[in-house]
Amino acid sequence: MSDQKRLFLVDAYALIFRGYYAFIKNPRINSKGMDTSAILGFTNSLLDVIKRERPDHLAVCFDKGGSEARNEMFTDYKANRDETPDAIRIAVPYIEEILKAMHIPIMVKEGYEADDVIGTLAKKAEKEGYKTYMVTPDKDFAQLVSENIFMYKPVFGGGYETWGIPEVKEKFEVDDPSQVIDYLGMMGDSADNIPGLPGVGDKTAKKFIAAYGSMEGLLANTDQLKGKMKEKVEGAKELGLLSKKLATIMLDVPVEFDAKDFEMSEPDIQGVTKIFEELEFRRLTDNFIKTFTSEPSNSDSKSVPSEEKPTRTKASPTAAGAGQFSLFGGDGEPSEATQKKYNSRNTINDIEHFYQTVQPGMGTKLFLQNLNNQKSVCFDTETTGLNPLTAELVGIAFSWETGKGFYLPFPEDFEEACELMESLRPFFENEGIEKIGQNLKYDIKVLAKYKVDVKGKLFDTMLAHYLINPDMRHNMDVLAETYLNYTPVSITELIGKKGKNQLSMREVPLEQQTEYAVEDADITLQLKEHFEKELGEANTQKLFDEIEIPLLRVLAAMELEGINLDENFLKGLSVELDKDIKRLEAEIYKEAGEEFNIGSPRQLGDILFDKMKLVDKPKKTKTGQYSTAEDVLSYLAKDHKIIRDVLEYRGLSKLKSTYVDALPGQVEPSTGRVHTDYMQTVAATGRLSSNNPNLQNIPIRTERGRQVRKAFIPRDKDHILLAADYSQIELRIIAALSEEENMIQAFRDGEDIHASTAAKVFNIPIKEVTREQRGNAKTVNFGIIYGVSAFGLSNQTDLSRTEAKELIETYYKTYPKLRDYISDQIAFAREHGYVQTVLGRRRYLNAINGSNAVVRAAAERNAVNAPIQGSAADIIKIAMINIHKKLEEKKFKSKMLLQVHDELVFDAYKPELEELRQMIKTEMEGAYKLAVPLVVEMGLGENWLEAH
DNA sequence: ATCCCCTTACG
DNA sequence: GCGTAAGGGGATC
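With my numbering applied, the first sequence closes on residue 1319, and no number is skipped along the way.
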């Protein structure tokens, strides 16, 4: 009994659909623009089952051509199904290939559904003494459950439930699983378009089965029913019997069960990984290899009832079979060698390489001579941490020839390290040697601590790839895997997972440091050769050479500079906020009648909508919780004090936790200033992003929040903060690009663009525009930039959907060229697969030709927005580069500190103020020539708030 | 400890 | 409706 043979039958389409919808909010799109959600979802489930259960017999069953028998019985069978999504249709051939390569049998019979195939096989296998597990989320299969046939049902949030007879009895409230057919027949199934009995749902069907046992039993006793129900059921007897037939899984499909055909055998691991690679499944490849090369995890014994769980030993009948692949070979994690055997990707152990540690003394001298004779060198610094201001240099790797390189270790003592660095200064500061690296901003910042300036031409592979494919990620491991078919040594292999036991690079043995560090330099060098060509092809060379590369040095300088923070001021603010928060908290508890965590949307929703029942039909979030989002609550605010208090509480706690209390902790002790890190390769449109801390989202819209800006102050009494921002840059860009004369003229005349729009749209003199009209015009103006819809607009304003639609119509009549521009952008994207900014920065939008209307509409909005947002980003980047250059050339003491998308903030040295203002204005306004003037507004202040 | 969800801050 | 980062809660590992 204990080693009874087990057969797993997988319901392919059910799992494919499930996989597809699991990713629906965040579909997996690979670099070729293909939606791989369905394939990934299905394969994950399949591997999951194999890993958990280690089946010895397994098959995957597909439908083919629909059910002939059922279609004959009922022409509308499955008629109301939506068309199969493209992503799924495309997925099926891939899944079949994957299964073939895994050597997993595919069962399919023309004219039958997978249900019928699975049912027939399960019954046949039962006769031969197998236990069968039907892997499917579809409850219809419950009718087949018996002593030896189980449902193996994936549950939301991971894991599986095994349904045997007791589970089916309980869930369907039946005496025998076969009654599930009667239940389904009565209730019907909208997905399959099985009609069922009118007016009968889950509850009534269960009641009927309890009373009459079956559909036939019910129909024979309709005289016992009363009223409307009696009428309806009596009038639908035929429909009932038909529904039952449709719901019955057929057990006479012409398929044979021959155990040999279902045995698990060794997969063609190379074949599978090749398909995964093509699809760009990186994590899945590892998971797959692990699944097929390691000991099964026995941690999850809940999935199959314990008495059913077979003991699995090498002596088990199947595992011993000739040519049989034992799934239980290894122990624990697969060894590197095993991984390699099944991984088509190369590692450091496969390639010929010559990585040398530079020895002190004569070795170093010879190395330096060699180094200084190169034209182009890739380098990579190794340090003790991620923060370049605190990290110590451990060593530097150099490579200028594929497969070769050197590692120069640095002494721990800072003085000695500086001495060694002096010998490298001629190299780093040599204008004639090109420097190559991955994320050079980091290395430049590290070297700055040693007063070394990295000069000469730069090539940053991360930036190159950002321009080549901005929507992808750009870490070196991914790049190496994608472009070089190579898996680098992972940092965790060296220093361990993060946490208490993590080593510092300095504690890693020198040979390993060398292998790891030089490998990085070597790979980066190889990536450079790859990307150099691609940059030319994509015509982004100029953008790379003239914008992103020069900007890298500018950002490094700004980050190193940091900004002064008034910590005492924030302490005071914190105390004030705390008082108000406590007061509101007490108030809210009183109103709610109990204490709870106001910060927990879940608890708050329960209190507001379950307990207090403030609304009849509360809005819910995607996950089924009550939504307590701002827009929902604001709507209720006027009627309920508790809501007003909650909103105020929210605002204040956000302010306190995210800014007032967090910022002082981000002050770097060694400089006493806050140093943000600008990410140059994150935003797909070309914008920068800022983190640790994010200085691009410091509050300004509310009075209370605005106070935080008072904490950002000049360096000292000789300095003052200067803020310069572009006025309406995005609208100016769309006016210029669309050549919409009406809008261009308004900008040339220096009009208030929102008022001007309102005047034109509402056909009144600009003087008579009301606040409300200007507000609505403003919303539409911004809406255009984001890709408007009447729905979105009415959500943002007090306008109804119809009014919003009308407003948009009038707007387009006012600015006809704008509408043309928008459709031209979309058409361009459809034809070329991308859109671009004024400087030729591209954003690829493959989804714009897809068949999913929602995804396609999003791509269309991107086609409009990306060139606008991206062009604004291009322009301010030019300004930053030029300003930085002037600051250096003219030896200004003033410094550029922050960039906030359309604003630059400076520490202005007071004696330079007038010259500086002039220079900044000129550079910003003249950064790029458009058909409309660029206008910059400037302010000065003893803090960032005042400077506005 | 880590990840996802929800919410909210900015342009 | 576009583009981001971050905090707290809560589930999961």
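Every residue gets a Cβ at the ideal spot worked out from N, C-alpha and C, and that includes glycine.
How is the beta strand (DSSP E) around residue i delimited, first residue to last?
| i | result |
| --- | --- |
| ALA1218 | Neither: ALA1218 is in no beta strand (DSSP E) and is coded neither H nor E. |
| PRO780 | 775 to 780 |
| LEU1269 | 1266 to 1270 |
| ALA1094 | 1090 to 1097 |
| GLN1320 | Past the edges of the chain, shown from 372 to 1319, lies residue 1320, and the structure says nothing about it. |
| PRO525 | 520 to 525 |
| GLN727 | 725 to 728 |
| PHE1277 | 1274 to 1280 |
| MET1309 | 1307 to 1312 |
| ILE807 | 805 to 808 |
| LEU429 | 428 to 433 |
| SER747 | 747 to 754 |
Report back the beta-carbon spacing between residue i and residue j to the nearest angstrom; my notes put them in contact at under 8 Å.
| i | j | result |
| --- | --- | --- |
| THR911 | LEU838 | 4 Å |
| ALA1107 | VAL1303 | 5 Å |
| MET1320 | LEU1066 | Residue coverage of the chain in this structure runs from 372 to 1319, which leaves residue 1320 outside it and unanswerable. |
| GLN1144 | ALA1129 | 4 Å |
| SER614 | GLY567 | 5 Å |
Evaluate residue i with the Cβ neighbour count: other Cβ atoms within 10 Å of its Cβ, from every protein chain shown; 16 or more gives buried, anything less gives exposed.
| i | result |
| --- | --- |
| ALA957 | exposed |
| PRO548 | buried |
| ASP721 | exposed |
| ASN519 | buried |
| GLY611 | buried |
| LEU622 | exposed |
| SER340 | For the chain, the structure presents residues 372 to 1319; residue 340 sits outside this window and is missing. |
| PHE785 | exposed |
| MET876 | buried |
| ILE552 | buried |
| GLU1231 | buried |
| MET833 | buried |
| PRO426 | buried |
| ARG1213 | buried |
| HIS1203 | exposed |
| GLY1154 | buried |
| THR1173 | exposed |
| GLN503 | In the sequence on display, residue 503 carries Thr and not Gln. It is buried - the Cβ of THR503 has at least 16 other Cβ atoms within 10 Å. |
| MET505 | buried |
| LEU492 | buried |
Once you ignore the five residues that flank residue i on each side, which residues in its own chain have a CB closer than 7 Å to its CB?
| i | result |
| --- | --- |
| LEU881 | THR728, PRO780 |
| LYS816 | PRO759, ALA927, GLU930, LEU931 |
| MET473 | PRO638, VAL643 |
| GLN897 | THR773, LEU855 |
Residue j and residue i - do their beta-carbons sit closer together than 7 Å?
| i | j | result |
| --- | --- | --- |
| ASN935 | ARG1086 | yes |
| THR999 | LEU650 | no |
| PHE830 | LYS899 | yes |
| LEU955 | TYR1020 | yes |
| SER1060 | ALA1054 | yes |
| LEU979 | LYS1027 | no |
| MET1114 | TYR1186 | yes |
| GLN1240 | THR1056 | yes |
| ILE1246 | ALA1298 | yes |
| HIS428 | LEU378 | yes |
| GLY776 | VAL849 | no |
| VAL1206 | ALA1237 | yes |
| ARG796 | VAL823 | yes |
Spatial neighbours of residue i within its chain, please: CB distance less than 6 Å, with the 5 preceding and 5 following residues excluded, ordered by chain position.
| i | result |
| --- | --- |
| VAL1276 | ALA1094, LEU1268, LEU1269 |
| GLN809 | THR832, MET833, MET847, THR895 |
| LYS826 | GLU800, GLU802 |
| GLY694 | Model confidence at GLY694 stands at a pLDDT of 30, short of 50, so the residue's coordinates are unreliable and nothing is read from them. |
| GLY992 | The identity of residue 992 in the sequence shown is Thr, whereas the question assumes Gly. Cβ neighbours of THR992 beyond the five flanking positions: SER998. |
State the start and end residues of the unbroken alpha helix (DSSP H) segment that holds residue i.
| i | result |
| --- | --- |
| ALA768 | Careful: ALA768 lies outside any alpha helix (DSSP H), inside the beta strand (DSSP E) at 764 to 772. |
| ASP1010 | From DSSP, ASP1010 is part of no alpha helix (DSSP H); its letter is neither H nor E. |
| ASP457 | 457 to 473 |
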